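> I have a structure I would like to understand better, so I am pasting it below and will then ask my questions one at a time.
Residue numbers (our numbering), protein chains in the order written: chain S, 1 to 489; chain A, 1001 to 1532.
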């Protein structure tokens, strides 16, 4: 009897111990997940990659920010139907690229792997700063590959600390947001592309005279050869690219020359895009975001040229229309809308009223328009036609009134300057509200009912609403974000 | 290998799993091996060799003391002298060199700074880590053997295990042979779920104290101490108070971790803290703070000094001059022993005037003076009709003790003795109470939200200490429960439902993960008492 009792107690204790250990493990993993940086510098790319349907990625791009800022996956899809993914991280060295390829080939069988080779030129070091070690590694699932990747990235004394992500990320508890719990960016629709938007004019670098060679470090060469060897073993074509940016020193190009020599030696094709500015139509006065990256205009030209090369050399199937690849449709739509958002902001900044209104004519935008009391109509009468395209006819331009425009139609109107309306865009319900204070400043708020119920997209955004102007406030239903306010005399 | 690290966690899990799978005869051997590995990871090869030589010599001496020597007293004195020279020579080289420099300076001679730097460098390279702990542990053992208090440990492996049991090779506690010999090798240790959970909880609690409270306090303390010219007046008092809590949560947190790990292995260790901030006098405070160091000095220094021939003669001389009654009242011989002990406590904490004064002689003097003033104070209390059996008087005594303590302790944190005095001069140069109201405290390196986290965490600490104090005096210390009041707090938790207990510790775990100061920006693996 006592033996039985003892064994029962022992059994219960074992169960309790398992529960305790499991509870601590689950807590640890959950905290690790919530506190992880939701960074589009590498972590979100890898996390989204895991969500891609198996064997759907045809062109796998690996490398540094020159991949995720330059290769517009939406353009590749829209123009060539290529299903591609930018599996890249900021300043990615070859050792991380190697482990990214190993990770990437666990779930996908791409038709071609394109490796960006610019990091050894830009960041010639065997050990990256810790912030890049973090973005290059913490997106990878916990497995031996991640362990090896961190080990080769970190200095010996930092390795044990970097092995546990929470050592670097736990301070994030102070700035937790909805994104940290829901991780929207690591979604199947995200294909890794993250554009830069500034425009900084530069002079095009002339590298035609740089023919010298600069040695790779032992570690760089070792992992470059490992990549060549591994991809060859997997029987997948490999392509090296050096994408366009403002090369400032001879050593950078000399490193690329050395890499191209190795490519020649091992029979790996390569493209040096820094010798093809004219062919791509890259204009350094308008297409550069900053010294290292192309902007929206630049990456569209670069991707279009690269896509042409890939489509004609690797027999990539045009998957457009295939339901299995619908997430690429969504990504392309997202990229188009994001470009549109950028163009709308540019038009607003330039004060180009006609261009601004023309760009608003997009079925994925919801526009709030306020007409002031005794509004005489736009000074520039040519704008009337653009307003009509949006669903705002001339007889509606008598205030005070407020309108909600969508798909070229007025879906709501009110004689009050302030309103609060519910509206459905087909996919979800939206709630808009606008309040105006005594000084004529307006505040607008947009909420959607996402999977978590109603959630605030914008905090109350305040903007000035002068007299005698038409005020616009734009919300993009695809991007799920507002594009700000604008007014027209 | 810090106790708060992934490496140590993996190391401990391996040690624990294998330990409980081994038969009783092998368990202590496994612990000895683990101690060797642990020490190897924390020391250079040369330091390991010196540590082993130290153990061999002391073991051989212990054999010679009990048998084989015609003059055991000489062997005992020689080995103790060797241990003291080794400890002083390697650990306090800079202190003695500074004294030498000072003396030569008096005669107008300088010293060769190049040689000075070399000596310091080599002493540091040769000094085995944790020498301040294991040398005291071994010297205590030899003294007990010499005095015939304990039986000689003939097995060199068991002797080595006693001196190098790995949880002790961090920062103590400074154990005496009889406190651990029974559990280190004399019984079969079985894995127990309750003990594992209880030990793990204690480890978590220690980590919470260290990473969440101590490290946050350290930010403010460092800011004020490093720039005290910018922070005069009450900032200094605030920093001194914060440092007292920083040191308490750092050291007692470390002890919780050490004792928790050891508890999991079924080897109970003596407590080193017993709610010291509830003390009503400085003497009582030190009986509750770093208990094992005080106990060691009391057992092996204070009584030994009292029993020396010189002290006997001095006592006789005092009796003759003062008479028995006055001697009992002023007790100079005892006070001399006390001062020597306090000097050694100060010296043990570090070779520097600030340590010797702040946590040594000053504390001893305050204790002696308060003892001498006791009759006068009693008369004053009686004359003024002050109620002493009430909360307000107890509170007054606790607050008084706290301020007496933090004054001395503040020198511990100061770089030098003169630095410490400069700080206190600056403390009395300005009266600036507004710093507690105008958000000035939020600019000491931790922002408002961090400050609130600190206050909340200290509130948790206070709650636990109130409970510990509530149970003070309930139950008698035993080998298994050396600190019964702490055990009562844990029993209180143990008596709750499983789910509640689990949630309690999951919440503690989350607080440590989120609020803990660890990772690349912090040096959280550094314990203040880990330096000794």
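Backbone N, C-alpha and C fix where the C-beta goes; we use that ideal spot for every residue, glycine too.
Keep in mind that this is a model prediction, so the values were computed, not measured.
1. From residue 1475 of chain A to residue 1497 of chain A, what distance separates their C-alpha atoms?
2. Using 8 Å as the threshold, is the stretch 167-182 of chain S in touch with the stretch 1007-1027 of chain A, meaning 3 or more CB pairs across them?
3. Determine the closest residue to residue 1269 of chain A out of A/1371, A/1391, A/1464 and A/1166, with distance taken between C-alpha atoms.
4. Closer than 7 Å, CB to CB, is residue 1502 of chain A near chain S or not?
5. Kindly identify the DSSP beta-bridge partner or partners of residue 413 of chain S.
6. What is the C-beta distance between residue 60 of chain S and residue 21 of chain S, in whole angstroms, given that I count them as a contact (C-beta under 8 Å)?
7. What residues from chain S crowd round residue 1153 of chain A, counting only those whose CB sits closer than 8 Å?
8. Could you work out which residue in S/90, S/57 and S/197 is closest to residue 490 of chain S when comparing CA atoms only?
9. Apart from the five residues just before and just after residue 1479 of chain A, which ones in its own chain have a Cβ nearer than 6 Å to its Cβ?
10. Look at the Cβ atom of residue 136 of chain S, then the Cβ atom of residue 96 of chain S, and state whether they are nearer than 7 Å.
11. Hey, could you find the ends of the beta strand (DSSP E) residue 1373 of chain A is sitting in?
12. Spell out whether any CB of chain S is found under 7 Å from the CB atom of residue 1446 of chain A.
13. Counting only the same chain and skipping the five closest in sequence on each side, list residues whose C-beta sits under 7 Å from that of residue 1278 of chain A.
14. Taking 8 Å as the limit between beta carbons, can you name the residues of its chain near residue 179 of chain S, skipping five residues before and five after?
15. If contact is defined by three or more beta carbon pairs under 8 Å, each pair taking one atom from either stretch, is the stretch 1429-1438 of chain A in contact with the stretch 1203-1223 of chain A?
16. Select from the stretch 152-175 of chain S all residues with a C-beta closer than 7 Å to any C-beta belonging to chain A, and list them in chain order.
17. Give a yes or no on whether the minimum CB-CB distance between residue 22 of chain S and chain A is below 7 Å.
18. State yes or no: is the beta carbon of residue 1509 of chain A nearer than 7 Å to at least one beta carbon in chain D?
19. Count the other C-beta atoms from every protein chain shown that fall within 10 angstroms of the C-beta of residue 1305 of chain A, then say buried if there are 16 or more, exposed otherwise.
20. In chain order, which beta strand (DSSP E) runs of at least 3 residues are fully inside the stretch 271-328 of chain S?
21. Assign residue 1117 of chain A to one of two classes, buried (16 or more other C-beta atoms within 10 Å of its C-beta) or exposed (fewer than that).
22. Under a three-way DSSP split, which group does residue 90 of chain S fall into?
23. In terms of DSSP beta bridges, what is residue 482 of chain S paired with?
24. When you check each C-beta in the stretch 1173-1198 of chain A against every C-beta of chain S, which residues fall closer than 9 Å?
25. If I measure Cβ to Cβ from residue 1406 of chain A and keep anything under 7 Å in the same chain, skipping five residues before and after, which residues do I get?
26. What are the boundary residues of the alpha helix (DSSP H) that includes residue 1226 of chain A?
27. Quick one: is residue 1 of chain S buried, meaning 16 or more other Cβ sit within 10 Å of its Cβ, or exposed?
28. Taking the C-alpha atoms as reference points, what is the distance between residue 1176 of chain A and residue 1303 of chain A?
29. Rounded to the nearest angstrom, what separates residue 483 of chain S and residue 35 of chain S at their Cα positions?
30. Cβ of residue 1136 of chain A less than 7 Å from any chain S Cβ?
31. Starting from the beta carbon of residue 1498 of chain A, find every residue of chain S whose beta carbon is closer than 7 Å, and list them in chain order.
32. Under 7 Å, do residue 126 of chain S and residue 66 of chain S count as touching if we go by C-beta distance?
33. Taking buried to mean at least 16 other C-beta atoms within 10 Å of its own C-beta, is residue 1028 of chain A buried or exposed?
34. Would you please verify whether the beta carbon of residue 72 of chain S is less than 7 Å from any beta carbon of chain A?
35. Output needed for residue 292 of chain S: all residues of its chain with C-beta closer than 6 Å, excluding positions within five of it in sequence on either side, in chain order.
36. May I have the straight-line CA-CA distance separating residue 1451 of chain A from residue 15 of chain S, to the nearest angstrom?
Well, looking at it:
1. Note that residue 1475 of chain A scores 49 on pLDDT, short of 50, meaning its location in the model is unreliable and no value can be drawn from it.
2. no
3. Considering only alpha carbons, the answer is A/1166.
4. yes
5. S/403
6. Wrong, their Cβ atoms sit about 38 Å apart, outside the cutoff.
7. Neighbours of residue 1153 of chain A on chain S: none; closest Cβ ~35 Å, over 8 Å.
8. Because chain S is modelled from 1 through 489, residue 490 of chain S falls outside the range shown and cannot be assessed.
9. Because the pLDDT at residue 1479 of chain A is just 48, under 50, the model does not fix this residue reliably, and the value given afterwards should be weighed accordingly. There are no such residues.
10. yes
11. Per DSSP, residue 1373 of chain A belongs to no beta strand (DSSP E); it is in the alpha helix (DSSP H), 1362-1383.
12. Not closer than 7 Å to any Cβ of chain S, the Cβ of residue 1446 of chain A fails to qualify, so no.
13. 1398 and 1469
14. 38 and 185
15. no
16. Considering only beta carbons, the part of the stretch 152-175 of chain S lying closer than 7 Å to chain A consists of 160, 161, 163, 164, 166, 167, 168, 170, 173 and 174, in chain order.
17. Taking Cβ atoms only, chain A never reaches closer than 7 Å to residue 22 of chain S, which makes this a no.
18. In the displayed structure, chain D is absent; the protein chains listed are S and A.
19. buried
20. 288-290
21. exposed
22. coil
23. S/475
24. Residues passing the 9 Å Cβ filter: 1192, 1193, 1194, 1196 and 1197.
25. 1240, 1241 and 1244
26. Membership of residue 1226 of chain A in the alpha helix (DSSP H) is indicated by the continuous run 1215-1226.
27. Model confidence at residue 1 of chain S stands at a pLDDT of 47, short of 50, so the residue's coordinates are unreliable; what they give is reported in the following sentence. Residue 1 of chain S comes out exposed.
28. 16 Å
29. 29 Å
30. False, the Cβ-Cβ gap to chain S never drops below 7 Å.
31. 16
32. no
33. Buried.
34. no
35. Its chain contains 245 as the residues whose beta carbon lies nearer than 6 Å to that of residue 292 of chain S, once the 5 sequence neighbours on both sides are disregarded; these appear in chain order.
36. Approximately 40 Å between the Cα atoms of the pair.
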